[in-house]
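Novice: Before we start, here is the structure in question, set down as structure tokens.
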Ligand SMILES: Cc1cc2nc3c(=O)[nH]c(=O)nc-3n(C[C@H](O)[C@H](O)[C@H](O)COP(=O)(O)OP(=O)(O)OC[C@H]3O[C@@H](n4cnc5c(N)ncnc54)[C@H](O)[C@@H]3O)c2cc1C
Ligand SMILES: [Zn+2]
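Now the structure itself:
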């Protein structure tokens with residue numbers, strides 16, 4: 587069972603309060619991009635065993651999308667943060683570094 | 071290795087069963103093999119077996135980080151069917167189902183294949199239309215399956231409630247030669263047969279890195295030393311993302327938890343497999359009498375082999391409407407496996423950007439039924455560089471938009 591906190595309304599709840607929305611911080615490619623970029627954006631995924639960044643939605647609450655940093659090997663949640671960003675904030679990265687020194691995820695570390 | 075037979079049973083009966091050999095030797099890694107297969111689940115073992123049997127390639131190691139068959143192969147609900155919608159799927163799944171028919175004889179190991187029939191309930195108009203379409207497609211593909219009405223459903227499954235208020239039974243897709251098999255025995259039978267051909271089945275040996283030179287694979291690093299190889303087959307289901315990362319590419323695969331549970335054993339009450347895809351639940355009765363129940367996947371990436379309780383609750387709640395008698399059953403055990411889901415819910419059997427590395431993954435929630443067919447096709451792909459059964463399942467189909475979309479037809483892909 588997963589416990590998350592909505593960064594907008596501050597509600598803490600177990601996972602049925604929320605809905606998982608897949609990998610976070612995807613860079614979108616559209617017309618004019620190469621086939622490989624388009625495929626990579628649409629289908630290729632990190633799918634890591636360990637630190638992961640995801641999109642979640644507070645479906646049974648304020649309805650807003652947000653981001654979560656989580657460990658897929660232990661289900662530990664490192665923190666949640668606003669959807670209005672293309673990169674996890676420093677506080678979240680520091681929280682992860684404290685628990686998983688040397689972690690990396692795409693270009694983040 | 072001595073053959074198992076009725077004479078062997080009689081002989082051992084006369085000497086208190088003191089003469090049985092170990093089913094297979096526990097090998098230690100050598101320095102080099104022609105082919106290394108990572109993952110001793112059903113698909114990895116079957117790949118190795120057919121490399122030896124069909125192509126004479128026996129300098130092979132199958133490397134497993136845990137114990138043989140301890141991944142999804144030992145955690146699934148063992149439904150076997152082949153009535154998929156798309157031609158490439160029907161071809162590989164039907165090849166597989168037909169190999170199950172003779173697997174016990176072929177491997178000299180009783181895998182308890184039980185072609186008791188698989189019934190996929192249509193519980194919405196949409197689903198009924200979908201299954202009618204599949205039945206027509208199967209006719210063209212030469213897969214024996216047909217659509218049956220509610221009366222025939224009731225005749226085959228007396229404990230069913232046809233008139234659930236929310237999910238009435240409108241008919242079913244019925245495959246008479248589908249069924250179940252003993253999951254562990256499939257892994258053990260292939261392992262024994264591989265060992266008999268001189269292959270090394272190496273347990274408790276985790277692959278931690280893949281070595282390459284000039285874009286070609288040269289071997290693997292493991293917790294028991296480095297091992298060289300010419301060709302590498304990666305067959306690790308839920309850990310596909312981890313191994314792809316070691317090899318240096320990404321795949322359209324996500325790892326999710328899928329759960330199953332069994333009830334206390336009861337007298338025989340249902341002698342077919344029933345799947346209810348609209349409500350994400352399916353059920354069969356084991357030889358021990360337990361009702362074996364499975365559901366849908368969780369929604370988020372997970373490597374813990376534990377799923378969330380509310381999915382169990384949803385599955386059971388939905389099944390109780392269709393099978394009211396199970397509402398009084400106590401559930402005994404529940405467990406989870408990590409399934410590898412692809413973008414179009416079809417598997418990947420493919421060459422990769424690294425020469426010499428072949429991937430077999432993406433069987434997701436429904437790959438137990440595919441074990442022999444997948445091994446057969448993967449062995450051909452690795453030995454000859456191509457196989458008619460794997461052509462459409464290349465990992466590069468996502469770039470071309472040539473999906474093999476089974477999710478629309480099946481809802482759940484078991
Ligand atoms: C609850 C549940 C129910 C299911 N029900 C059905 C069903 O009814 N019908 C059906 O057809 N399918 C079903 N499936 C799906 C089916 O179980 C799988 O598709 C199939 O077993 C996959 O087999 P595999 O050999 O590819 O993987 P696995 O059996 O998971 O084997 C992969 C192996 O690779 C090993 N490995 C991973 N990483 C490494 C490493 N770094 N080094 C060495 N070894 C490694 C793992 O330890 C594992 O043993 C179900 C799955 C689950 C979880
Ligand atoms: Zn909220």
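Protein chains in written order, with my numbering: chain H, 587 to 695; chain F, 71 to 484. Beta carbons: idealized from backbone N, C-alpha and C, even for Gly.
Give, in chain order, every residue of the segment 629–653 of chain H whose Cβ lies closer than 9 Å to some Cβ of chain F.
Specialist: Cβ contacts with chain F come from 629, 630, 631, 632, 633, 634, 635, 636, 638, 640 and 642.
Novice: Under a three-way DSSP split, which group does residue 459 of chain F fall into?
Specialist: Your numbering for residue 459 of chain F matches position 389 in the second chain. Note: residue 459 of chain F maps to coil in three-state DSSP.
Novice: Excluding sequence positions up to five away, which residues of its chain have a Cβ less than 6 Å from the Cβ of residue 646 of chain H?
Specialist: Residue numbering aside, residue 646 of chain H sits at position 60 when the first chain is read from its first letter. Same-chain partners within the cutoff: 603.
Novice: Name, please, each residue of chain F whose Cβ falls closer than 7 Å to the Cβ of residue 621 of chain H.
Specialist: Counting from 1 along the first chain, the entry for residue 621 of chain H is found at position 35. By Cβ distance, chain F contributes 469.
Novice: Could you tell me the distance, in whole angstroms, from the CA atom of residue 430 of chain F to the CA atom of residue 597 of chain H?
Specialist: Along the second chain, one-based indexing puts residue 430 of chain F at 360. Along the first chain, one-based indexing puts residue 597 of chain H at 11. Each residue's Cα considered, the two are about 42 Å apart.
Novice: So does residue 663 of chain H have its beta carbon nearer than 8 Å to some heavy atom of ligand 2?
Specialist: In the first chain, residue 663 of chain H corresponds to position 77, counting from 1. It does not: the Cβ of residue 663 of chain H is nowhere closer than 8 Å to a heavy atom of ligand 2.
Novice: Taking 8 Å as the cut-off, is the beta-carbon of residue 330 of chain F closer than that to any non-hydrogen atom of ligand 1?
Specialist: Counting from one through the second chain, the residue named residue 330 of chain F turns up at place 260. Yes, ligand 1 has a heavy atom inside 8 Å of this Cβ.
Novice: For chain H, find out if any of its Cβ atoms is closer than 9 Å to the Cβ of residue 519 of chain F; answer yes or no.
Specialist: Within the shown structure, residues of chain F are numbered from 71 to 484, placing residue 519 of chain F beyond reach of any answer.
Novice: Helix, strand or coil for residue 178 of chain F per DSSP?
Specialist: Position 108 of the second chain, counted from the first residue, corresponds to residue 178 of chain F. Three-state DSSP puts residue 178 of chain F in coil, outside helix and strand.
Novice: At a CB-CB cut-off below 8 Å, which residues of chain F make contact with residue 660 of chain H?
Specialist: Numbered from 1 along the first chain, position 74 holds the residue referred to as residue 660 of chain H. Result: 374.
Novice: Spell out whether any CB of chain A is found under 9 Å from the CB atom of residue 610 of chain H.
Specialist: Protein chains H and F are contained in the structure displayed, whereas chain A is not.
Novice: Quick one, which of F:204, F:123, F:212 and F:406 has its alpha-carbon nearest residue 168 of chain F's?
Specialist: For the purposes of this step, residue 168 of chain F is taken as residue 98 along the second chain, with counting starting at 1. Out of F:204, F:123, F:212 and F:406, F:212 has the C-alpha closest to the C-alpha of residue 168 of chain F.
Novice: Within the 9 Å Cβ cut-off, does residue 312 of chain F reach chain H?
Specialist: By 1-based counting over the second chain, the position of residue 312 of chain F is 242. Yes, because at least one Cβ of chain H sits closer than 9 Å to the Cβ of residue 312 of chain F.
Novice: Could you name the residues of chain H that residue 379 of chain F contacts, counting a contact when the two beta carbons are closer than 8 Å?
Specialist: Translated into positions along the second chain, residue 379 of chain F becomes position 309. Going along chain H in sequence order, the residues near residue 379 of chain F (Cβ under 8 Å) are 587.
Novice: Which chain F residues sit within Cβ distance under 7 Å of residue 606 of chain H?
Specialist: As a first step, residue 606 of chain H must be located in the first chain, where it is residue number 20. Residues of chain F passing the Cβ test: 369 and 370.
Novice: Closer than 7 Å from C-beta to any heavy atom of ligand 2: which residues, in chain order?
Specialist: My final list is H:592, H:594, H:595, H:597, H:644, H:647, H:648 and H:650.
Novice: Does the beta-carbon of residue 270 of chain F have 16 or more other beta-carbons within 10 angstroms, so that it is buried, or is it exposed?
Specialist: The sequence position of residue 270 of chain F within the second chain is 200, counting from 1. Residue 270 of chain F is buried by the Cβ-count criterion.
Novice: Buried or exposed for residue 293 of chain F, going by 16 or more other Cβ atoms inside 10 Å?
Specialist: Looking up residue 293 of chain F in the second chain gives position 223. Residue 293 of chain F should be labelled exposed.
Novice: Report buried or exposed for residue 480 of chain F, applying the criterion of at least 16 other Cβ atoms within 10 angstroms of its Cβ.
Specialist: Looking up residue 480 of chain F in the second chain gives position 410. Residue confidence for residue 480 of chain F is low, a pLDDT of 46 falling below 50, so the modelled location carries little weight; the figure read from the coordinates is stated next. Buried, by the Cβ-count rule.
Novice: What distance in whole Å lies between the Cβ atoms of residue 422 of chain F and residue 317 of chain F, which are believed to be in contact at a cut-off of 8 Å?
Specialist: As a first step, residue 317 of chain F is located in the second chain; it is residue number 247 there, counting from the start. As a first step, residue 422 of chain F is located in the second chain; it is residue number 352 there, counting from the start. The pair is a contact, with the Cβ atoms about 7 Å apart (cut-off 8 Å).
Novice: For the alpha helix (DSSP H) containing residue 229 of chain F, list its first residue and its last residue.
Specialist: Residue 229 of chain F sits at position 159 when you count from the first residue of the second chain. Where residue 229 of chain F is concerned, there is no enclosing alpha helix (DSSP H), given that its DSSP letter is neither H nor E.
Novice: Which ranges would you report for the beta strand (DSSP E) in the segment 213–297 of chain F if only whole runs of at least 3 residues count?
Specialist: The qualifying runs are 216–218, 241–245, 270–272, 277–283 and 286–292.
Novice: Using only the alpha-carbon positions, how far apart do residue 238 of chain F and residue 194 of chain F sit?
Specialist: Taking the second chain and counting its residues from 1, the one referred to as residue 238 of chain F is at position 168. Taking the second chain and counting its residues from 1, the one referred to as residue 194 of chain F is at position 124. Computed Cα separation, rounded: 8 Å.
Novice: Per DSSP, what kind of secondary structure is residue 343 of chain F in: helix, strand or coil?
Specialist: On the second chain, position 273 is the one that residue 343 of chain F refers to. Of the three classes helix, strand and coil, the one that applies to residue 343 of chain F here is strand, per DSSP.
Novice: Measuring only from the beta carbon, is residue 438 of chain F closer than 8 Å to any heavy atom that is part of ligand 1?
Specialist: Counting from one through the second chain, the residue named residue 438 of chain F turns up at place 368. Residue 438 of chain F Cβ: within cutoff of ligand 1.
Novice: Shorter than 9 Å from the beta carbon of residue 177 of chain F to some beta carbon of chain H?
Specialist: Numbered from its first residue, the second chain carries residue 177 of chain F at position 107. Not closer than 9 Å to any Cβ of chain H, the Cβ of residue 177 of chain F fails to qualify, so no.
Novice: Under 9 Å, Cβ to Cβ, is there at least one residue of chain H near residue 322 of chain F?
Specialist: One-based indexing of the second chain puts residue 322 of chain F at position 252. Interface residue, yes.
Novice: Use the C-beta contact count for residue 173 of chain F: other C-beta atoms within 10 angstroms, 16 or more gives buried, fewer gives exposed.
Specialist: Taking the first residue of the second chain as 1, we reach residue 173 of chain F at position 103. Looking at its Cβ environment, which holds 16 or more other Cβ atoms inside 10 Å, residue 173 of chain F is buried.
Novice: Where DSSP assigns a beta bridge to residue 418 of chain F, which residues make up the other side?
Specialist: Position 348 of the second chain, counting from 1, holds the residue named residue 418 of chain F. Residue 418 of chain F pairs with F:431.
Novice: Go ahead and label residue 278 of chain F buried or exposed: buried means 16 or more other beta carbons lie within 10 angstroms of its beta carbon, across all protein chains shown.
Specialist: On the second chain, position 208 is the one that residue 278 of chain F refers to. Exposed is the call here.
Novice: From F:120, F:280 and F:247, pick the residue whose C-alpha is nearest to that of residue 150 of chain F; which is it?
Specialist: For the purposes of this step, residue 150 of chain F is taken as residue 80 along the second chain, with counting starting at 1. Nearest option by C-alpha distance: F:247.
Novice: Could you tell me whether the segment 252–263 of chain F touches the segment 137–145 of chain F, where touching means 3 or more Cβ pairs closer than 8 Å?
Specialist: Yes: the two stretches touch, three or more of their Cβ pairs being nearer than 8 Å.
Novice: Could you list the residues in the segment 388–414 of chain F with a C-beta less than 8 Å from some C-beta on chain H, going in chain order?
Specialist: Of all residues in the segment 388–414 of chain F, 413 have a Cβ within less than 8 Å of some Cβ in chain H.
Novice: Taking C-beta to C-beta, are residue 328 of chain F and residue 413 of chain F nearer than 9 Å?
Specialist: Locating residue 328 of chain F in the second chain gives position 258, counting from the first residue. Locating residue 413 of chain F in the second chain gives position 343, counting from the first residue. No, these two residues do not count as a Cβ contact at 9 Å.
Novice: Rounding to the nearest angstrom, what Cα-Cα distance links residue 114 of chain F and residue 649 of chain H in this structure?
Specialist: What you label residue 114 of chain F is simply residue 44 of the second chain in a count that begins at 1. What you label residue 649 of chain H is simply residue 63 of the first chain in a count that begins at 1. Each residue's Cα considered, the two are about 44 Å apart.
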